[in-house]
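Before any comments, here is the structure.
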Amino acid sequence: MASSNDNPALLDIAEVSKSFGSVSVLRSVSLQVAKGEVVTIIGPSGSGKTTLLRCVNFLESYDSGSIRIDGKEVGFRDGGARQRRSERDLAAMRAETGMVFQSFNLFPHLTAAGNIMLGLTKVRGKSKTEARSISEHWLSRVGLAHKADSLPAELSGGQQQRVGIARAVAMEPKILLLDEITSALDPELVGEVLAVVRSLAEDGMTMVMVTHEMAFARDASSRIVFMADGGVSAVGPPKEVLAAETTNERLRAFLARFRASHF
Amino acid sequence: MGYTLNFNLIWRHFDKLWGGLLLSLELAVISIAIGIVIGLVLAVWYVSAGRVVRAIIAAYVEFIRNVPLILLVYLVFYGLPTVVDLAYSAPTSFVLTLSVYSGAYLVEVFRSGLEAVPRGQLDAGKAIGLTPWQRLIHVRLPTMLRITLPALSNTFISLFKDTSIASVISVPELTYGAQWINFNTFRIVEVYLVTTAMYLLTGYTLLFALRLVERRFRAAR
Numbered sequence: 331m332a333s334s335n336d337n338p339a340l341l342d343i344a345e346v347s348k349s350f351g352s353v354s355v356l357r358s359v360s361l362q363v364a365k366g367e368v369v370t371i372i373g374p375s376g377s378g379k380t381t382l383l384r385c386v387n388f389l390e391s392y393d394s395g396s397i398r399i400d401g402k403e404v405g406f407r408d409g410g411a412r413q414r415r416s417e418r419d420l421a422a423m424r425a426e427t428g429m430v431f432q433s434f435n436l437f438p439h440l441t442a443a444g445n446i447m448l449g450l451t452k453v454r455g456k457s458k459t460e461a462r463s464i465s466e467h468w469l470s471r472v473g474l475a476h477k478a479d480s481l482p483a484e485l486s487g488g489q490q491q492r493v494g495i496a497r498a499v500a501m502e503p504k505i506l507l508l509d510e511i512t513s514a515l516d517p518e519l520v521g522e523v524l525a526v527v528r529s530l531a532e533d534g535m536t537m538v539m540v541t542h543e544m545a546f547a548r549d550a551s552s553r554i555v556f557m558a559d560g561g562v563s564a565v566g567p568p569k570e571v572l573a574a575e576t577t578n579e580r581l582r583a584f585l586a587r588f589r590a591s592h593f
Numbered sequence: 028m029g030y031t032l033n034f035n036l037i038w039r040h041f042d043k044l045w046g047g048l049l050l051s052l053e054l055a056v057i058s059i060a061i062g063i064v065i066g067l068v069l070a071v072w073y074v075s076a077g078r079v080v081r082a083i084i085a086a087y088v089e090f091i092r093n094v095p096l097i098l099l100v101y102l103v104f105y106g107l108p109t110v111v112d113l114a115y116s117a118p119t120s121f122v123l124t125l126s127v128y129s130g131a132y133l134v135e136v137f138r139s140g141l142e143a144v145p146r147g148q149l150d151a152g153k154a155i156g157l158t159p160w161q162r163l164i165h166v167r168l169p170t171m172l173r174i175t176l177p178a179l180s181n182t183f184i185s186l187f188k189d190t191s192i193a194s195v196i197s198v199p200e201l202t203y204g205a206q207w208i209n210f211n212t213f214r215i216v217e218v219y220l221v222t223t224a225m226y227l228l229t230g231y232t233l234l235f236a237l238r239l240v241e242r243r244f245r246a247a248r
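Going down the list, the sequences are from chains A and B.
With this note's numbering as the guide, the letters of the first sequence map in order to residues 331 to 593.
With this note's numbering as the guide, the letters of the second sequence map in order to residues 28 to 248.
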């Protein structure tokens with residue numbers, strides 16, 4: 331029953347629900363992402379965007395439904411019973427996805443190169459020299475070749491976030507998850523980070539991102555998902571979803587409020 | 028004022044103080060080293076354990092923190108050997124006591140440090156696929172160390188001073204040496220002035236060294 335399909339989705343989220351106590355944050359969310367797609371999730375705060383993203387690499391568990399990457403269930407063991415994977419298995423599964431965080435979350439005691447090398451040496455089992463050259467490759471790719479030996483505290487927000495991206499992609503993940511990666515940045519630093527994301531998209535990196543950068547979402551996404559109240563309210567190509575004449579009341583209200591406050 | 032300071036007798040017996048200082052340092056270093064092991068193990072255990080283990084560790088910490096060290100020293104040196112069939116020297120007994128004592132204080136320091144590690148860093152460690160053990164070694168402990176170094180320095184200095192209590196069971200450390208000279212020369216002012224200066228200088232040197240380490244950890248390489 332797994333992946334005999336001819337064109338299986340790389341990421342298959344099926345009827346995922348989750349609640350914190352009595353508050354339902356995800357209501358039967360389903361979403362398929364094909365290889366090479368860039369899917370952007372938008373929606374008002376509290377709509378479950380970030381929670382959904384964190385379920386994909388099992389930083390958060392969920393109550394029902396399933397999330398599969400390449401046909402393999404992420405957080406739970408294969409087979410009937412819903413049994414959480416061992417921590418070791420979870421770690422191995424998480425290595426298949428990369429994540430970039432709103433607050434960068436670089437390891438403060440490691441240099442830019444050191445941040446990238448940690449996963450390469452400890453998880454991928456690469457030698458120090460190899461890991462170093464991979465990290466230098468990715469640092470130059472994000473325009474920070476000269477900052478390899480700088481500590482995070484010596485970097486600007488935009489530079490830290492670019493290291494965060496390099497750290498995630500250096501692991502060669504199947505999917506890159508981007509969680510509001512420009513929200514903590516000063517406006518003048520947003521551009522340099524989005525440029526990196528755009529170039530990754532051009533390389534064919536599969537990405538799922540949560541963002542409030544509507545112009546970027548419109549230009550860079552294959553599809554846009556609009557979430558409201560923990561559910562997928564609209565999904566489609568950017569032109570359709572962001573069209574002003576949409577009949578989806580919620581979406582129209584969101585876009586109207588968004589245009590009012592951002593333009 | 029009929030009292031004139033005369034340090035000659037102090038210098039004549041200075042080996043008692045110098046030897047005492049070296050023993051004080053030795054007691055402190057060994058006890059703190061054992062205390063660090065106790066503290067680290069229990070702190071790591073505490074933050075990942077269930078309610079029962081937490082309660083037991085908390086009870087140990089509270090017991091130690093609410094009983095004067097001098098009483099613990101008496102209990103271990105005079106009390107314990109009468110209950111269980113054990114024989115140990117006074118220095119060994121004191122190291123045992125101070126280790127358990129410093130362990131309790133260090134559990135608290137390490138535990139609060141571990142809990143202060145930002146969750147985002149742990150998430151980042153998970154996201155790149157590190158196992159729990161790898162996250163502990165490569166993410167949590169290094170950050171914890173940076174957070175706790177100032178508190179750690181203070182605890183170390185304070186534990187060094189606590190070695191003076193070993194004098195009550197006749198361990199010939201610095202304070203005991205001072206008492207010996209006092210009993211034998213009656214130069215009480217001089218001997219305690221010199222002893223105070225020795226504690227002060229040693230404490231300052233330790234603090235200075237630890238601050239250097241702190242700065243090294245913080246500053247860029």
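Cβ coordinates follow ideal geometry from the N, Cα and C atoms, glycine included.
As the structure is a computational prediction, the values presented were derived from the model and not from experiment.
Within-9 Å CB hit, residue i to chain B
i, result
"residue 467 of chain A", "no"
"residue 578 of chain A", "no"
"residue 428 of chain A", "yes"
"residue 478 of chain A", "no"
"residue 417 of chain A", "yes"
"residue 462 of chain A", "no"
"residue 424 of chain A", "yes"
"residue 475 of chain A", "no"
"residue 497 of chain A", "yes"
"residue 389 of chain A", "yes"
"residue 350 of chain A", "no"
"residue 501 of chain A", "yes"
"residue 588 of chain A", "no"
"residue 431 of chain A", "yes"
"residue 421 of chain A", "yes"
Residues near residue i in its chain [Cβ-Cβ closer than 7 Å; skip 5 each side]
i, result
"residue 48 of chain B", "201, 225 and 229"
"residue 588 of chain A", "544"
Per DSSP, cross-strand counterpart(s) of residue i
i, result
"residue 348 of chain A", "A:356"
"residue 372 of chain A", "A:556"
"residue 539 of chain A", "A:370 and A:508"
"residue 343 of chain A", "A:361 and A:397"
Short CB-CB distance (under 9 Å) between residue i and chain A
i, result
"residue 244 of chain B", "yes"
Neighbourhood of residue i by C-beta distance below 6 Å, restricted to the same chain and skipping five residues each side
i, result
"residue 247 of chain B", "Residue placement at residue 247 of chain B is poorly supported in this model, since its pLDDT is 41, which falls under 50; the coordinates are not used for a value here."
"residue 61 of chain B", "126"
"residue 192 of chain B", "96, 97 and 100"
"residue 434 of chain A", "490, 491 and 494"
"residue 377 of chain A", "557 and 558"
"residue 546 of chain A", "524"
"residue 479 of chain A", "441"
Same chain, Cβ closer than 8 Å to residue i, five either side skipped, listed in chain order
i, result
"residue 390 of chain A", "348, 381 and 384"
Uninterrupted beta strand (DSSP E) stretches inside the segment 552–580 of chain A (no shorter than 3 residues) = 553–558 and 561–566
Which residues, in chain order, does the segment 156–180 of chain B contribute to contact with chain A at a C-beta distance below 7 Å?
-> 156, 157, 158, 159, 161, 165, 166, 169, 170 and 173
Just list the beta strand (DSSP E) runs in the segment 374–457 of chain A, keeping only unbroken ones of 3 residues or longer that don't cross its boundaries, in chain order.
-> 394–399 and 427–430
Could you please tell me which residues of the segment 137–157 of chain B, in chain order, have their CB closer than 7 Å to any CB of chain A?
-> 147, 148, 150, 151, 153, 154, 155, 156 and 157
Residues of the segment 433–457 of chain A with Cβ closer than 7 Å to any Cβ of chain B, in chain order | 433, 435, 437, 438, 439, 448, 449, 452 and 453
Could you name each continuous beta strand (DSSP E) segment of 3 residues or more that falls completely within the segment 32–116 of chain B, going from the start of the chain to the end?
-> none
Under 7 Å (Cβ pairs) to chain B, residues found in the segment 544–555 of chain A | Answer in chain order: no residues at all.
What are the start and end residues of each continuous alpha helix (DSSP H) run of 4 or more residues lying completely inside the segment 124–189 of chain B, in chain order?
-> Correct list: 146–154, 159–162 and 168–189.
Interfacial residues, the segment 389–407 of chain A to chain B, with Cβ spacing under 7 Å = Listed in sequence order: 389.
Within the segment 465–529 of chain A, ranges of the alpha helix (DSSP H) (whole runs, at least 4 residues) | 487–499
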